[in-house]
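4 protein chains.
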Amino acid sequence: MKVGFIGLGQMGTGIAQNLIKAGHSLVVYNRTRSRAEALQTLGATVAATPAEAARGAEVVMTMLADDHALEAVVFGPEGFLPTLAAGAIHISLSTISVAISRRLLAAHKEQKQHYVSATVFGRPDAADAAKLFVVAAGAAAQIGRCQSLLDAIGQKTFRVGEDPVAANVIKLAGNFMITTVIESLAESFALMRKSGVAPETFLDVMTSSLFNAPIYKTYGPMIASSSFEKVGFALPLGLKDNRLVLAAAEEVAAPMPIASLVHDRFIAAIARGFSNEDWVAFSRGAMSDAGL
Amino acid sequence: MKVGFIGLGQMGTGIAQNLIKAGHSLVVYNRTRSRAEALQTLGATVAATPAEAARGAEVVMTMLADDHALEAVVFGPEGFLPTLAAGAIHISLSTISVAISRRLLAAHKEQKQHYVSATVFGRPDAADAAKLFVVAAGAAAQIGRCQSLLDAIGQKTFRVGEDPVAANVIKLAGNFMITTVIESLAESFALMRKSGVAPETFLDVMTSSLFNAPIYKTYGPMIASSSFEKVGFALPLGLKDNRLVLAAAEEVAAPMPIASLVHDRFIAAIARGFSNEDWVAFSRGAMSDAGL
Amino acid sequence: MKVGFIGLGQMGTGIAQNLIKAGHSLVVYNRTRSRAEALQTLGATVAATPAEAARGAEVVMTMLADDHALEAVVFGPEGFLPTLAAGAIHISLSTISVAISRRLLAAHKEQKQHYVSATVFGRPDAADAAKLFVVAAGAAAQIGRCQSLLDAIGQKTFRVGEDPVAANVIKLAGNFMITTVIESLAESFALMRKSGVAPETFLDVMTSSLFNAPIYKTYGPMIASSSFEKVGFALPLGLKDNRLVLAAAEEVAAPMPIASLVHDRFIAAIARGFSNEDWVAFSRGAMSDAGL
Amino acid sequence: MKVGFIGLGQMGTGIAQNLIKAGHSLVVYNRTRSRAEALQTLGATVAATPAEAARGAEVVMTMLADDHALEAVVFGPEGFLPTLAAGAIHISLSTISVAISRRLLAAHKEQKQHYVSATVFGRPDAADAAKLFVVAAGAAAQIGRCQSLLDAIGQKTFRVGEDPVAANVIKLAGNFMITTVIESLAESFALMRKSGVAPETFLDVMTSSLFNAPIYKTYGPMIASSSFEKVGFALPLGLKDNRLVLAAAEEVAAPMPIASLVHDRFIAAIARGFSNEDWVAFSRGAMSDAGL
Numbered sequence: 052m053k054v055g056f057i058g059l060g061q062m063g064t065g066i067a068q069n070l071i072k073a074g075h076s077l078v079v080y081n082r083t084r085s086r087a088e089a090l091q092t093l094g095a096t097v098a099a100t101p102a103e104a105a106r107g108a109e110v111v112m113t114m115l116a117d118d119h120a121l122e123a124v125v126f127g128p129e130g131f132l133p134t135l136a137a138g139a140i141h142i143s144l145s146t147i148s149v150a151i152s153r154r155l156l157a158a159h160k161e162q163k164q165h166y167v168s169a170t171v172f173g174r175p176d177a178a179d180a181a182k183l184f185v186v187a188a189g190a191a192a193q194i195g196r197c198q199s200l201l202d203a204i205g206q207k208t209f210r211v212g213e214d215p216v217a218a219n220v221i222k223l224a225g226n227f228m229i230t231t232v233i234e235s236l237a238e239s240f241a242l243m244r245k246s247g248v249a250p251e252t253f254l255d256v257m258t259s260s261l262f263n264a265p266i267y268k269t270y271g272p273m274i275a276s277s278s279f280e281k282v283g284f285a286l287p288l289g290l291k292d293n294r295l296v297l298a299a300a301e302e303v304a305a306p307m308p309i310a311s312l313v314h315d316r317f318i319a320a321i322a323r324g325f326s327n328e329d330w331v332a333f334s335r336g337a338m339s340d341a342g343l
Numbered sequence: 052m053k054v055g056f057i058g059l060g061q062m063g064t065g066i067a068q069n070l071i072k073a074g075h076s077l078v079v080y081n082r083t084r085s086r087a088e089a090l091q092t093l094g095a096t097v098a099a100t101p102a103e104a105a106r107g108a109e110v111v112m113t114m115l116a117d118d119h120a121l122e123a124v125v126f127g128p129e130g131f132l133p134t135l136a137a138g139a140i141h142i143s144l145s146t147i148s149v150a151i152s153r154r155l156l157a158a159h160k161e162q163k164q165h166y167v168s169a170t171v172f173g174r175p176d177a178a179d180a181a182k183l184f185v186v187a188a189g190a191a192a193q194i195g196r197c198q199s200l201l202d203a204i205g206q207k208t209f210r211v212g213e214d215p216v217a218a219n220v221i222k223l224a225g226n227f228m229i230t231t232v233i234e235s236l237a238e239s240f241a242l243m244r245k246s247g248v249a250p251e252t253f254l255d256v257m258t259s260s261l262f263n264a265p266i267y268k269t270y271g272p273m274i275a276s277s278s279f280e281k282v283g284f285a286l287p288l289g290l291k292d293n294r295l296v297l298a299a300a301e302e303v304a305a306p307m308p309i310a311s312l313v314h315d316r317f318i319a320a321i322a323r324g325f326s327n328e329d330w331v332a333f334s335r336g337a338m339s340d341a342g343l
Numbered sequence: 052m053k054v055g056f057i058g059l060g061q062m063g064t065g066i067a068q069n070l071i072k073a074g075h076s077l078v079v080y081n082r083t084r085s086r087a088e089a090l091q092t093l094g095a096t097v098a099a100t101p102a103e104a105a106r107g108a109e110v111v112m113t114m115l116a117d118d119h120a121l122e123a124v125v126f127g128p129e130g131f132l133p134t135l136a137a138g139a140i141h142i143s144l145s146t147i148s149v150a151i152s153r154r155l156l157a158a159h160k161e162q163k164q165h166y167v168s169a170t171v172f173g174r175p176d177a178a179d180a181a182k183l184f185v186v187a188a189g190a191a192a193q194i195g196r197c198q199s200l201l202d203a204i205g206q207k208t209f210r211v212g213e214d215p216v217a218a219n220v221i222k223l224a225g226n227f228m229i230t231t232v233i234e235s236l237a238e239s240f241a242l243m244r245k246s247g248v249a250p251e252t253f254l255d256v257m258t259s260s261l262f263n264a265p266i267y268k269t270y271g272p273m274i275a276s277s278s279f280e281k282v283g284f285a286l287p288l289g290l291k292d293n294r295l296v297l298a299a300a301e302e303v304a305a306p307m308p309i310a311s312l313v314h315d316r317f318i319a320a321i322a323r324g325f326s327n328e329d330w331v332a333f334s335r336g337a338m339s340d341a342g343l
Numbered sequence: 052m053k054v055g056f057i058g059l060g061q062m063g064t065g066i067a068q069n070l071i072k073a074g075h076s077l078v079v080y081n082r083t084r085s086r087a088e089a090l091q092t093l094g095a096t097v098a099a100t101p102a103e104a105a106r107g108a109e110v111v112m113t114m115l116a117d118d119h120a121l122e123a124v125v126f127g128p129e130g131f132l133p134t135l136a137a138g139a140i141h142i143s144l145s146t147i148s149v150a151i152s153r154r155l156l157a158a159h160k161e162q163k164q165h166y167v168s169a170t171v172f173g174r175p176d177a178a179d180a181a182k183l184f185v186v187a188a189g190a191a192a193q194i195g196r197c198q199s200l201l202d203a204i205g206q207k208t209f210r211v212g213e214d215p216v217a218a219n220v221i222k223l224a225g226n227f228m229i230t231t232v233i234e235s236l237a238e239s240f241a242l243m244r245k246s247g248v249a250p251e252t253f254l255d256v257m258t259s260s261l262f263n264a265p266i267y268k269t270y271g272p273m274i275a276s277s278s279f280e281k282v283g284f285a286l287p288l289g290l291k292d293n294r295l296v297l298a299a300a301e302e303v304a305a306p307m308p309i310a311s312l313v314h315d316r317f318i319a320a321i322a323r324g325f326s327n328e329d330w331v332a333f334s335r336g337a338m339s340d341a342g343l
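Chains as they are written, first to last, in this note's numbering: chain G, 52 to 343; chain Z, 52 to 343; chain F, 52 to 343; chain D, 52 to 343.
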């Protein structure tokens with residue numbers, strides 16, 4: 052398929068490469084042009100603007116850091132809203148607010164374009180390996196048209212309904228779930244250390260029994276060894292997602308006290324100077340409170 | 052082996068049956084005698100007192116509801132501390148405080164008896180099916196002597212060190228981890244419902260991807276359908292375990308804010324009249340706060 | 052002085068009346084015009100737009116519900132930014148975000164106008180009685196020029212510095228302090244009731260000893276008797292202020308866990324249908340959790 | 052009156068001195084005898100045991116650090132339960148658990164002795180100056196008999212009912228209220244500092260307006276200047292009281308989330324090595340989380 056791809060950060064680059072490998076034809080755009088040019092050797096064409104990346108494309112995929120960046124590439128002066136053909140699809144992969152997802156749905160509809168929300172779970176290594184989990188919502192026929200693209204980037208696609216917003220809420224709640232795992236491990240490890248038990252011993256029991264899931268296996272060792280320097284997902288982005296889930300919850304009047312607690316952990320991590328670390332570094336809070 | 056078995060609640064009965072099936076010779080004791088007599092047809096002998104259950108046994112296993120009950124069968128007027136032979140082993144399976152575990156270690160040592168802490172993860176159905184996860188701590192040689200017993204009741208034994216207390220701390224932290232799963236799912240489901248997404252849809256995405264673990268699969272559907280009437284583990288016992296982890300954490304000065312939050316959820320569930328439900332019912336708090 | 056006054060809600064009406072009584076000449080504007088016309092009999096002139104209210108005024112005072120309303124009257128198509136004379140002063144009385152206060156400072160400076168932030172503590176009855184506490188920040192000379200206005204509406208003015216934002220942060224933190232009083236009383240009263248002690252007995256001890264302050268005397272009886280129908284300050288506005296203090300705290304990286312807790316209480320109150328009550332109604336949360 | 056006085060810590064010494072000054076005849080006991088001997092020059096008689104202090108007394112007053120110490124002087128081998136005359140009164144001034152207060156009520160009743168719970172608010176300087184606030188509960192006639200004693204030590208007595216436990220619950224909730232003031236000021240001061248506003252400026256506004264109460268004036272400056280070295284009430288005792296209010300609340304099923312939050316703050320303060328400071332030092336938590 053002819054695909055415009057916008058946003059070549061850690062996640063976007065891996066995804067775009069997998070689309071190219073699967074035989075799709077990509078026109079790529081990134082604000083920092085050099086990251087786009089790096090894909091030229093693989094066969095991608097570099098666009099000078101988002102508008103240009105979308106021209107003539109059957110599908111435009113966006114993978115951006117936040118609402119603001121996404122708004123710029125869609126609605127900004129060089130945005131692609133006017134250049135995307137009627138009948139073409141915008142697949143939004145980014146973790147964004149429920150509010151902007153609603154706005155995109157309306158705007159694309161007005162242009163007779165289609166909008167599919169296809170959020171993804173997985174860190175950059177999963178993006179590189181085409182092992183993402185994709186949560187897709189939107190008109191079934193349009194998701195059907197895109198399925199080969201989603202298959203090229205992930206190990207599984209979950210279709211969660213006709214309303215694109217569903218994919219956004221699920222993504223935000225999923226990231227919230229991950230933060231609860233991080234905080235719960237951090238609190239447990241603090242208890243272990245101060246009780247003379249190695250966190251690794253506890254983690255081994257957990258991940259070999261009831262907690263035998265990738266999420267515990269991925270984050271457990273990072274927290275046990277306080278290894279936060281290799282940044283798969285930066286701490287300020289983690290705070291952004293926490294903010295988004297709290298906003299989504301406030302909008303529908305559903306209190307989420309663990310999300311509030313994690314919010315305060317993120318802020319404390321920033322106050323203590325850990326903005327450059329991986330988001331898992333908010334787990335330092337539980338250690339610090341225990342005098343570790 | 053000749054085994055005294057004390058405590059035939061939902062968990063203890065399943066465990067005792069599996070020991071008998073594995074060919075061990077059991078003398079059983081339960082405060083409510085009828086539950087002990089129910090095992091006679093399988094070949095168990097019923098003892099009138101804990102002291103009698105331990106007489107002549109190579110191993111005494113205890114599976115009781117709380118510290119108080121355990122203290123009674125060991126140190127009480129009919130307790131087995133004086134009747135257990137020197138060189139014999141007390142295997143404590145119960146979820147108890149760190150404090151009483153230390154006291155047992157000292158008391159048995161004084162009597163030249165051995166003390167092994169072998170805590171278990173799993174609900175009554177896992178106990179029935181000999182699928183428990185066993186976390187054993189104590190002198191390696193003594194755990195070795197008991198291994199056939201532990202094999203008969205569980206699917207795996209983790210040996211976590213020479214200090215029996217390690218098994219107690221790990222059990223308490225493990226139960227804490229379960230409460231964090233329950234609360235995190237409850238908060239997410241409240242968000243889903245109020246956003247028009249079925250909790251089951253969200254749960255399916257989670258348990259098919261990063262959260263592919265038994266604990267999410269066991270508790271998720273219960274919370275999604277608010278099914279708390281079938282009591283595998285009663286709510287007041289859940290509060291007891293929460294209290295124990297908070298006490299263990301306070302003793303070593305490690306704050307556990309999610310445990311504090313869950314504490315308040317348990318209290319609220321009791322205040323609202325849900326003491327007769329399964330411990331998962333504290334998840335009602337997140338629903339109630341969202342007006343559901 | 053010749054004063055433009057914009058925003059005639061419960062607070063603004065009382066304030067405007069006191070300014071008129073003190074002999075100042077008011078041109079008033081309110082979105083719902085009838086509330087402005089009600090002041091005509093006292094001698095106020097009614098303006099059709101914010102722009103008109105400010106024309107020729109030495110001072111414009113604004114008392115609006117939120118950032119959005121304030122932005123509209125200043126920067127909107129009928130806003131007063133272009134019509135306020137150079138050298139004139141905008142006194143912002145509203146509880147608004149730190150962010151918009153900064154924006155106003157810059158915008159007025161560019162127009163060679165002055166900007167004073169003069170936030171107020173007190174409920175509508177205090178506004179009526181000219182008993183507000185005023186917290187003023189901005190250029191000392193300009194506050195000096197306005198002092199007679201501030202004296203006309205309050206019992207005391209605190210000058211807290213040259214940076215207008217200081218008055219906003221203090222107001223937000225002050226409102227936060229009030230919420231901590233409400234929540235702490237609610238939790239204590241729940242304990243009292245369930246212990247068989249009348250909340251009023253406890254309140255009497257407190258307010259006659261160490262907690263002998265207006266805030267406890269004002270809110271204590273409301274909470275003790277669950278009287279939230281008479282709305283001095285609506286619950287959604289309380290949530291707005293809570294959001295603003297959390298935003299101000301996040302901006303400077305200062306976690307405020309009680310503010311997070313109160314946030315969740317507000318959301319729960321809205322979810323349970325109490326949006327039409329006074330903001331103190333979030334105290335229902337503690338009662339509800341205790342089964343009361 | 053002939054008074055036995057037991058417990059001469061910082062609070063007890065001031066109280067005992069004021070009783071002597073008021074003309075009462077004291078027989079004093081303290082575990083560390085030297086503190087008792089220091090009162091001999093004022094005319095007190097030193098007893099070798101609690102039992103001896105109570106012999107022949109019309110009233111025994113106890114002011115001890117915790118349940119354990121109180122149990123020892125009443126029920127211990129040298130305790131005064133057997134030596135206190137029938138018809139005599141035990142006035143318990145200590146901050147103790149609801150549970151032990153109930154036990155004392157029953158035990159004294161059995162001995163035909165009277166039990167009055169008269170808890171006190173105020174720090175050591177207030178005890179020295181006879182400015183305590185006394186909260187008395189018990190049989191009205193017995194409180195009447197003691198009134199001259201209570202007048203000698205405090206500025207006001209509140210009679211809160213016939214059930215002695217009421218005075219204990221009110222004392223515990225009162226101390227909880229103080230912790231909410233400390234935490235709320237700490238969070239606000241952190242916000243102020245990081246926003247460039249002096250905490251003292253904020254405190255001045257608060258204590259000159261709605262928060263014009265001794266409690267804010269006493270604790271505010273200590274927190275603003277981080278002065279916790281002069282110990283009026285030691286941090287571990289503050290944690291003890293926090294534990295007692297949580298226990299009282301759990302017993303009657305009333306969740307107190309701010310108490311839970313403060314609990315975690317106390318634990319963190321201990322983990323970080325501040326056990327030797329005044330209890331206000333738990334306010335360091337909010338500062339630390341803000342990177343201050």
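By construction, the Cβ of each residue, glycine as well, lies at the ideal position given by its N, Cα and C atoms. Since this is a predicted model, take the numbers as computed values, not measurements.
{"query": "Taking just the CA atoms, how far does GLY94(G) sit from HIS383(G)?", "result": "Since the first residue shown for chain G is 52 and the last is 343, residue 383(G) is missing from the structure and cannot be characterised."}
{"query": "What number of angstroms, rounded off, separates the C-alpha of TYR241(F) from the C-alpha of PHE262(D)?", "result": "The identity of residue 241(F) in the sequence shown is Ala, whereas the question assumes Tyr. C-alpha separation (whole angstroms): 23 Å."}
{"query": "I'd like to know whether the C-beta of GLU234(F) is nearer than 9 Å to at least one C-beta of chain G.", "result": "no"}
{"query": "Output the boundary residues of the beta strand (DSSP E) element that contains ILE142(G).", "result": "140 to 143"}
{"query": "What is the DSSP secondary structure of ALA275(D), counted as helix, strand or coil?", "result": "helix"}
{"query": "Any C-beta of chain G within less than 9 Å: which residues of the stretch 282 to 305 of chain F qualify?", "result": "LEU290, ARG294, LEU297, ALA300, GLU301, VAL303, ALA304, ALA305"}
{"query": "So what does DSSP say about ARG82(D), is it helix, strand or coil?", "result": "coil"}
{"query": "Distance, Cα to Cα, GLY60(D) vs ILE321(D)?", "result": "22 Å"}
{"query": "State the beta-bridge partners of ARG210(D) as determined by DSSP.", "result": "ALA187(D)"}
{"query": "Measure the C-alpha to C-alpha separation of CYS197(G) and ALA102(G) and round it to an integer number of angstroms.", "result": "21 Å"}
{"query": "By alpha-carbon positions, which one of ALA181(Z), ALA224(Z), VAL185(Z), LYS163(Z) ends up nearest to ALA169(Z)?", "result": "VAL185(Z)"}
{"query": "Could you tell me how far apart the beta carbons of TYR270(Z) and MET257(Z) are, in whole angstroms, since I believe they sit closer than 8 Å?", "result": "About 12 Å separates the two Cβ atoms, so there is no contact after all."}
{"query": "Go ahead and pull the three-state DSSP assignment for LYS53(F).", "result": "strand"}
{"query": "Within the stretch 142 to 179 of chain G, note down every full beta strand (DSSP E) run reaching 3 residues or more, in order along the chain.", "result": "165 to 172"}
{"query": "Do the CB positions of GLY107(G) and ASP176(G) come within less than 9 Å of each other?", "result": "no"}
{"query": "Helix, strand or coil for ALA218(D), going by three-state DSSP, please let me know.", "result": "helix"}
{"query": "Expressed to the nearest angstrom, what Euclidean distance is found between the alpha-carbon atoms of VAL110(F) and VAL296(F)?", "result": "28 Å"}
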